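2 protein chains.
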Amino acid sequence: MKGIRQLAEHLDISIGTVSRALNGKPDVNDETRRRVLAAAEEFGYVANQSGRSLRQGETKVIGLMIESSMETVENADNFFLGVTSGLQSVFARHKLDLIMLPCPSDEDPHEYLQRMVARRIVDAMIISETHRIDRRIDLLSRAKIPFVALGRSLSASNSAWIDLDFEGVANRAVERLIARGHRRIAITAPSSEVNLGYIFLDGYRRALERHDIPFDPSLVIRVKSSEQGGYQAANELLLLEERPTAVILIYELMAIGLYRRLMESGVMPGRDLAVIGFRDAPRARFLQPSLSCFRMSLYDLGVELGRMLLANMPAYQDFYPGDGRNIIWPLELIVGESDLFDPRTGEKEFEPERLIFDNKTVES
Amino acid sequence: MKGIRQLAEHLDISIGTVSRALNGKPDVNDETRRRVLAAAEEFGYVANQSGRSLRQGETKVIGLMIESSMETVENADNFFLGVTSGLQSVFARHKLDLIMLPCPSDEDPHEYLQRMVARRIVDAMIISETHRIDRRIDLLSRAKIPFVALGRSLSASNSAWIDLDFEGVANRAVERLIARGHRRIAITAPSSEVNLGYIFLDGYRRALERHDIPFDPSLVIRVKSSEQGGYQAANELLLLEERPTAVILIYELMAIGLYRRLMESGVMPGRDLAVIGFRDAPRARFLQPSLSCFRMSLYDLGVELGRMLLANMPAYQDFYPGDGRNIIWPLELIVGESDLFDPRTGEKEFEPERLIFDNKTVES
DNA sequence: ACGCACTCCGTAAACGTTTACGAATGTTGG
DNA sequence: CCAACATTCGTAAACGTTTACGGAGTGCGT
Numbered sequence: 286m287k288g289i290r291q292l293a294e295h296l297d298i299s300i301g302t303v304s305r306a307l308n309g310k311p312d313v314n315d316e317t318r319r320r321v322l323a324a325a326e327e328f329g330y331v332a333n334q335s336g337r338s339l340r341q342g343e344t345k346v347i348g349l350m351i352e353s354s355m356e357t358v359e360n361a362d363n364f365f366l367g368v369t370s371g372l373q374s375v376f377a378r379h380k381l382d383l384i385m386l387p388c389p390s391d392e393d394p395h396e397y398l399q400r401m402v403a404r405r406i407v408d409a410m411i412i413s414e415t416h417r418i419d420r421r422i423d424l425l426s427r428a429k430i431p432f433v434a435l436g437r438s439l440s441a442s443n444s445a446w447i448d449l450d451f452e453g454v455a456n457r458a459v460e461r462l463i464a465r466g467h468r469r470i471a472i473t474a475p476s477s478e479v480n481l482g483y484i485f486l487d488g489y490r491r492a493l494e495r496h497d498i499p500f501d502p503s504l505v506i507r508v509k510s511s512e513q514g515g516y517q518a519a520n521e522l523l524l525l526e527e528r529p530t531a532v533i534l535i536y537e538l539m540a541i542g543l544y545r546r547l548m549e550s551g552v553m554p555g556r557d558l559a560v561i562g563f564r565d566a567p568r569a570r571f572l573q574p575s576l577s578c579f580r581m582s583l584y585d586l587g588v589e590l591g592r593m594l595l596a597n598m599p600a601y602q603d604f605y606p607g608d609g610r611n612i613i614w615p616l617e618l619i620v621g622e623s624d625l626f627d628p629r630t631g632e633k634e635f636e637p638e639r640l641i642f643d644n645k646t647v648e649s
Numbered sequence: 286m287k288g289i290r291q292l293a294e295h296l297d298i299s300i301g302t303v304s305r306a307l308n309g310k311p312d313v314n315d316e317t318r319r320r321v322l323a324a325a326e327e328f329g330y331v332a333n334q335s336g337r338s339l340r341q342g343e344t345k346v347i348g349l350m351i352e353s354s355m356e357t358v359e360n361a362d363n364f365f366l367g368v369t370s371g372l373q374s375v376f377a378r379h380k381l382d383l384i385m386l387p388c389p390s391d392e393d394p395h396e397y398l399q400r401m402v403a404r405r406i407v408d409a410m411i412i413s414e415t416h417r418i419d420r421r422i423d424l425l426s427r428a429k430i431p432f433v434a435l436g437r438s439l440s441a442s443n444s445a446w447i448d449l450d451f452e453g454v455a456n457r458a459v460e461r462l463i464a465r466g467h468r469r470i471a472i473t474a475p476s477s478e479v480n481l482g483y484i485f486l487d488g489y490r491r492a493l494e495r496h497d498i499p500f501d502p503s504l505v506i507r508v509k510s511s512e513q514g515g516y517q518a519a520n521e522l523l524l525l526e527e528r529p530t531a532v533i534l535i536y537e538l539m540a541i542g543l544y545r546r547l548m549e550s551g552v553m554p555g556r557d558l559a560v561i562g563f564r565d566a567p568r569a570r571f572l573q574p575s576l577s578c579f580r581m582s583l584y585d586l587g588v589e590l591g592r593m594l595l596a597n598m599p600a601y602q603d604f605y606p607g608d609g610r611n612i613i614w615p616l617e618l619i620v621g622e623s624d625l626f627d628p629r630t631g632e633k634e635f636e637p638e639r640l641i642f643d644n645k646t647v648e649s
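Residue numbers (our numbering), protein chains in the order written: chain A, 286 to 649; chain B, 286 to 649.
Here is the structure:
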């Protein structure tokens, strides 16, 4: 079956009517519509997307841009596939399809996005890993492509974004550690210009200030977002002259490398050093002692992302009137055994152990 | 900048010439071409993909279909993002773009693919997780869409595929264990109809036969492809009346759950039970004792996949003449400590420990 | 001066849809 | 029986490109 023309010939109907029948337009007899749908089903006819989108100026496709650098590959730990499910669940209701656009690691993300946008292969975009100032946001704004940024950015002052509550996480981690008697608390932060680093540190500083603990720059450890980053962070930690009693991690995978390096040096996490991790990544679930960290539902995040995006698309915003311009996505603290001791006495407090292999699938 | 028409008006040239200039066609003056390219650059003009592909019947886009079910999300461990890099490196040479098509978990993969194919949004496809008989293959064949299956299938007798060397892995694992004195060797296999299960078991059976060890169906443990699957596999293993001295795993993540369950029961991997894992997944790199398993380069696999696909596309096959119809992708054995004991004496043989945190990034 | 080849460019058709418009037919109310 | 309207459908234009074709201009040899 080549196209709508052949289908129309076979039915001995004009192509206009066939098109109307297939697209649920009103001006068509019930019986005719039935015949058309039956024939389309029989021949497996589906409208050619190029022709369709050329005519109506929209593609019914949403793009999710991800960076496929090896660093991301190693470390994202299926973050994007997780949100994808949530996204699709809301897009499906509007017959929108989601495609993932992996930016090649050797290409400039800005140019890649520009190319994709100019080709008009998508109606709207979701971009991730936003930088502090991110030209992609200006690009999309100027091109009038509806979009949502996963990760806030200074460039996005006027556009939609949704971001994890990094400040809250740092804040609560510090509060929790201080409440346990810690005073010298190290924190890790990204070495690159991604915006989340600034926010993370802000939460950390503010929480310290609230308790009149002076901010000590030497306790900020710049790391790469990987297991190796965690390993090196532990290294730097061990080299500090006055060793901190606690450390707060960023990036889900850091904990693994950090644990390993600590163990190698005979420093036991949860006894000699309190550790609070970031996201509850699948790869980190096995750690012993179990890691205190934060958890979120990737699926729900995807749903919210999808809703927010549609709220910014003229054709769909009637369906999502309330959905605002940006969201700080909360994370829930999961108590493990990695921060249960008192730094002054060394005594271990009892708290329920985190269950790993319960029957319900643990959300990632 | 709306389209080529406005660009042509601005330059006071006909749109035909503009198009020829942009696409590197011969019949155009050097000076004119320079002006056109400069103007296009200035206004950020890129040809609308719908119009272009409508005219020339191709989209310059390759689709990689992946299943985004939660099971995959949890367990694939960035497998696809890994091969993506390799794919793009070869596609980039031909100005082809790769998009990932995540099939919603609640939609039938066959219908999803049919929809995508009929919409003609891609020129060619890579499909993964092929089943023993997979209707998607017939669909693509009939639609005359060039494709490569990642994973062999009975349905793909006549088409291109590339698959991991499951048979070889099972084979070498058994050989290695037998050489160490094991006679009672359990193996895990998928509970679903994916084709790799059959092949994996074939390799296992043949290796046993070669050494006159009878095949014992009770030693085949059906598992889900997850950590939980590994946990349950260990459970079943422990319940066997005459406990095997070794077990061969499938799926990269199984080892984690298996280790955990064994430890809980005081059965030490590498001392009380030899374990040989499958792929050298990032999440399994930390295991203690380190896991003997197999390794491959996802990047190289992606490259080979890309080459094979292009070899099946009329427009590109001149560039890849030699690339055949299918490949069995080899995996390299990485010796760990999980299978270094003699089941009769319990003595541990010395072999070099696997390095995890070397400087070069370990390929996943 | 003529024919010829060559270079460069404009014209218009085609790709597969959707949709505004109007025509044809049937229906209703008076 | 006619006007007015409703229902259903066909016609043709439009979307933004690419490309086959042919025409205009130039240079060259005879």
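For each residue, glycine too, the CB sits at the ideal point set by N, CA and C. Source: prediction; values computed, not measured.
Coarse secondary structure for residue i, derived from DSSP in three states
i, result
"A/P599", "coil"
"B/V303", "helix"
"A/P475", "strand"
"A/G676", "Here chain A comprises residues numbered 286 to 649, so residue 676 of chain A is not present and cannot be evaluated."
"B/S440", "helix"
"A/A293", "helix"
"A/D419", "coil"
"A/V532", "strand"
"B/D585", "helix"
"A/V666", "Residue 666 of chain A lies beyond the stretch modelled for chain A, which goes from 286 to 649, so this question has no answer here."
"A/L594", "helix"
Residue i, buried or exposed, once every other Cβ within 10 Å from all chains shown has been counted against 16
i, result
"B/K633", "exposed"
"B/N456", "buried"
"B/N443", "exposed"
"B/P567", "buried"
"B/D382", "buried"
"B/R629", "exposed"
"B/R592", "buried"
"B/F328", "exposed"
"A/G656", "Any answer about residue 656 of chain A is impossible in this case: the structure gives chain A only from 286 up to 649."
"A/I316", "According to the sequence as given, residue 316 of chain A is Glu; it is not Ile. Burial call: exposed."
"B/D312", "exposed"
"A/S335", "buried"
"A/N314", "exposed"
"B/D565", "buried"
beta-carbon residue i near the ligand FMN non-hydrogen atom, thresh 7 Å
i, result
"A/R461", "Because no ligand of any kind appears in the structure shown, any question about the ligand FMN cannot be addressed here."
(Q) Quick test of the definition: if touching needs 3 or more C-beta pairs under 8 Å, does the segment 440-457 of chain B touch the segment 610-618 of chain B? (A) yes
(Q) I'd like the ranges of any beta strand (DSSP E) spanning at least 3 consecutive residues and lying wholly in the segment 317-387 of chain A. (A) 346-352
Q: Output, in sequence order along the chain, the residues in the segment 318-339 of chain B whose CB is closer than 9 Å to any CB in chain A.
A: G329, Y330, V331, A332, N333, Q334, S335, G336, R337, S338 and L339
Q.
So if I threshold CB-CB distances at 7 Å, which residues from the segment 300-316 of chain B count as touching chain A?
A. none
Q) Is the number of C-beta pairs between the segment 466-475 of chain B and the segment 529-544 of chain B that are closer than 8 Å three or more? A) yes
Q) Taking a cut of 7 Å between CB atoms, which residues from the segment 379-409 of chain B lie near chain A? A) L383, I384, M385, L386, P387, P389, S390, Q399, R400, A403, R404, R405 and I406
Q) Are three or more beta carbon pairs between the segment 369-378 of chain B and the segment 389-406 of chain A nearer than 8 Å? A) yes
Q: Could you tell me whether the segment 557-564 of chain A touches the segment 494-501 of chain A, where touching means 3 or more Cβ pairs closer than 8 Å?
A: no
Q. When the Cβ atoms of the segment 329-347 of chain B are set against those of the segment 407-421 of chain B, are three or more pairs found closer than 8 Å?
A. yes
Q: Mind the definition here: the segment 563-582 of chain A touches the segment 594-608 of chain A only if three or more C-beta pairs lie below 8 Å; say whether that holds.
A: no
Q: Report yes or no: do three or more beta-carbon pairs, one from the segment 412-429 of chain B and one from the segment 429-440 of chain A, lie closer than 8 Å?
A: no
Q. For the segment 287-298 of chain B, which residues have a CB atom closer than 9 Å to at least one CB atom of chain A, in sequence order?
A. none
(Q) Taking 8 Å as the cut-off, does the segment 286-304 of chain A touch the segment 319-327 of chain A (at least 3 CB pairs, one atom from each stretch)? (A) yes
**Q.** beta strand (DSSP E) segments (min. 3 residues) lying fully within the segment 460-504 of chain B
**A.** 470-475
Q: Inspect the CB distances between the segment 514-527 of chain B and the segment 540-554 of chain B and report whether three or more fall short of 8 Å.
A: yes
Q.
Please list, in chain order, the residues of the segment 365-377 of chain A that have any C-beta partner in chain B closer than 7 Å.
A. L366, G367, T369, S370, Q373 and A377
Q.
Using a Cβ-Cβ cutoff of 9 Å, what residues of the segment 533-546 of chain A are near chain B? List them in chain order.
A. L538, I541, G542, Y544, R545 and R546
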